[in-house]
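Q: Here our numbering is used: the first residue of the sequence shown is 164, the next is one more, and so on.
Every residue, glycine too, gets a C-beta built ideally from N, C-alpha and C.
Note that the coordinates shown come from a computational prediction; the quantities given were computed from them, not determined experimentally.
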Amino acid sequence: MSFIKYLTGILFMMLLLNCNYSMTEKDKHPDWDSFPKLAGSGFKMDSINDSILNLKYDSDYYYAANGKFLFVYNRDFKRVWKEKSDLYNVEVDEKKNIYVYNNEEVYKYAFPWSRREKVEVINGYKIADSIRATLGNLQDDLTHDSIKEKRIENIKLEILDRKIRSNYISCYSFEDSGYILFSYKGKEYGLYDYELKKYYENKKGLKPFWAKNIAQTETNLKLNDKAVLGNGSSGNHFFFSFYPYGYAYYRLKTGKNSMDFKYYNNNLDQRNLMQWKNPFNNKIILRRYYDNSRSTIYLVSNT
Numbered sequence: 164m165s166f167i168k169y170l171t172g173i174l175f176m177m178l179l180l181n182c183n184y185s186m187t188e189k190d191k192h193p194d195w196d197s198f199p200k201l202a203g204s205g206f207k208m209d210s211i212n213d214s215i216l217n218l219k220y221d222s223d224y225y226y227a228a229n230g231k232f233l234f235v236y237n238r239d240f241k242r243v244w245k246e247k248s249d250l251y252n253v254e255v256d257e258k259k260n261i262y263v264y265n266n267e268e269v270y271k272y273a274f275p276w277s278r279r280e281k282v283e284v285i286n287g288y289k290i291a292d293s294i295r296a297t298l299g300n301l302q303d304d305l306t307h308d309s310i311k312e313k314r315i316e317n318i319k320l321e322i323l324d325r326k327i328r329s330n331y332i333s334c335y336s337f338e339d340s341g342y343i344l345f346s347y348k349g350k351e352y353g354l355y356d357y358e359l360k361k362y363y364e365n366k367k368g369l370k371p372f373w374a375k376n377i378a379q380t381e382t383n384l385k386l387n388d389k390a391v392l393g394n395g396s397s398g399n400h401f402f403f404s405f406y407p408y409g410y411a412y413y414r415l416k417t418g419k420n421s422m423d424f425k426y427y428n429n430n431l432d433q434r435n436l437m438q439w440k441n442p443f444n445n446k447i448i449l450r451r452y453y454d455n456s457r458s459t460i461y462l463v464s465n466t
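1) Could you give the distance in angstroms between the alpha-carbon of residue 432 and the alpha-carbon of residue 186?
2) If you draw a straight line from the C-alpha of residue 263 to the C-alpha of residue 254, how long is it?
3) Rank 290, 343, 342, 434 by C-alpha distance to the C-alpha of residue 317 and give the top, closest one.
4) Could you pull out every residue in the same chain whose Cβ sits closer than 8 Å to the Cβ of residue 228, ignoring the five residues on either side in sequence?
5) Here's a check: name, in chain order, each residue in its chain whose Cβ is nearer than 8 Å to the Cβ of residue 260, leaving out the five neighbours to either side.
6) CB-CB under 8 Å to residue 430, same chain, minus the five flanking residues each way: which ones, in chain order?
7) Taking a contact to mean a Cβ-Cβ separation below 9 Å, would you say residue 206 touches residue 380 in this structure?
8) Looking only at its own chain, which residues have a Cβ that is under 6 Å from the Cβ of residue 472, when we skip the five neighbours before and after it?
9) Sort out for me which residues DSSP pairs residue 257 with in a bridge.
10) Would you mind working out which of 334, 339, 351, 414 sits nearest residue 365, comparing C-alpha positions?
11) Thinking just about the alpha-carbon of each residue, which of 338, 293, 342, 383 is nearest to the one in residue 375?
12) Below 9 Å between beta carbons: does that hold for residue 224 and residue 237?
13) Sorted by chain position, which residues of the same chain lie with C-beta nearer than 8 Å to residue 331's C-beta, five sequence neighbours on each side aside?
14) Report the three-state DSSP secondary structure of residue 309 (helix, strand or coil).
15) What are the boundary residues of the alpha helix (DSSP H) that residue 327 is part of?
16) Are residue 311 and residue 323 close, meaning C-beta to C-beta below 9 Å?
17) In the DSSP assignment, the alpha helix (DSSP H) including residue 293 goes from what residue to what residue?
18) Please work out which residues of its chain come closer than 8 Å, Cβ to Cβ, to residue 378, disregarding the five sequence neighbours upstream and downstream, and give them in chain order.
19) Can you tell me which of the three DSSP states residue 384 falls into?
In structure tokens, the structure reads:
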């Protein structure tokens, strides 16, 4: 009987481990301060209290959005502009005009961001759907689908070439998006169509926007260890898995100053505290992720 219990226990433990269950332990450093407290460390830390989803920078400013507001910060991360907006995808051109967008709309805030303009969107997918519906009853049912789609694509390009004239001043690609921004004198169009990016890139140079994403670095912040305090669970009766939660142990160092601290993470499989490379000065930028990629920014410097 005892052997059966032992075997059952082994099988149960193997099942748990197979579902990513982690063995628990105690806090390895109960005397360490818990982030964001840095008492007596020789560091000064300031938090940027705006919740942020997307953050970019150019030669002079940071640009951020959180789905409720747009923000612009100077090089010292002091906020210089704030505007209501439920769009959080951001692009910035070389004139510091800000563009925000989703799959349906594009808006432009012309520098110095005193007015908002709606950019006309041309949806290549909707044009193709309209052509497909029109041709649906006209084409032979025996015509191969690839031939039908090629014809639809050719008609779509003819329509777009009449709308998007070749004398545009510039065309920019929205990052990780199906948008291309065409600029004319006094007019702009946003073409939404992933499949046509290569087409217009070959016709005339398709440029990236001016503002860049901030690079991640580990110059000053090092993750040294973890302690699993418990396991959370997710899934349903078809699929089930665990994820560990507990403390991540870090060392923060700049110049001659350093300190060790811990950070409580509700999912240790995901790193929620990291350092970004500061494009403007020597202050350390720490970003704490929470709530589906939203984050709080902290600036750390020597006291």
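A: In terms of the structure at hand:
1) Start at 1 with the first residue of the sequence shown, and residue 432 comes out as number 269. Start at 1 with the first residue of the sequence shown, and residue 186 comes out as number 23. Taking the straight line joining both Cα atoms gives about 14 Å.
2) As a position in the sequence shown, residue 263 is number 100, starting the count at 1. As a position in the sequence shown, residue 254 is number 91, starting the count at 1. Distance between the alpha carbons of residue 263 and residue 254: 6 Å.
3) Reading the sequence shown from its first residue, position 154 is the one you call residue 317. The option with the nearest alpha carbon to residue 317 is 290.
4) Indexing the sequence shown from 1 puts residue 228 at position 65. Taken in chain order, the residues that qualify are 215, 216, 217, 234, 248, 250, 251, 252, 253, 263.
5) Stepping through the sequence shown from its first residue, residue 260 is reached at position 97. Excluding sequence neighbours, residue 260 sits near 271, 272, 273, 274.
6) Sequence index remark: in the sequence shown, residue 430 carries index 267 (1-based). 395, 406, 407, 408.
7) Within the sequence shown, residue 206 is the residue found at index 43, counting from 1. Within the sequence shown, residue 380 is the residue found at index 217, counting from 1. It is not a contact, given that the beta carbons lie outside the stated cut-off.
8) Because the chain here runs from 164 to 466, residue 472 falls outside it and cannot be looked at.
9) On the sequence shown, residue 257 is found 94 positions in, with the first residue counted as 1. DSSP lists no partner for residue 257.
10) Reading the sequence shown from its first residue, position 202 is the one you call residue 365. Ranking the options by Cα distance to residue 365, first place goes to 334.
11) For the purposes of this step, residue 375 is taken as the residue at position 212 of the sequence shown. It is 338.
12) Reading the sequence shown from its first residue, position 61 is the one you call residue 224. Reading the sequence shown from its first residue, position 74 is the one you call residue 237. Yes, the pair counts as a contact, with Cβ atoms nearer than the cut-off.
13) On the sequence shown, residue 331 is found 168 positions in, with the first residue counted as 1. Counting only Cβ-Cβ distances below 8 Å, and skipping sequence neighbours, we find 345, 346, 347, 367.
14) Looking up residue 309 in the sequence shown gives position 146. In this structure, residue 309 counts as helix in the three-state DSSP scheme.
15) Here residue 327 corresponds to residue number 164 of the sequence shown, with the count starting at 1. Unbroken run through residue 327: none, as it is neither H nor E.
16) Position 148 of the sequence shown holds residue 311. Position 160 of the sequence shown holds residue 323. No, they are not a contact pair.
17) The residue you call residue 293 lines up with position 130 of the sequence shown. Where residue 293 is concerned, the enclosing alpha helix (DSSP H) stretches over 287–298.
18) Here residue 378 refers to the residue found at position 215 when the sequence shown is read from its first residue. Cβ within range, chain order: 439, 440.
19) Looking up residue 384 in the sequence shown gives position 221. Note: residue 384 maps to strand in three-state DSSP.
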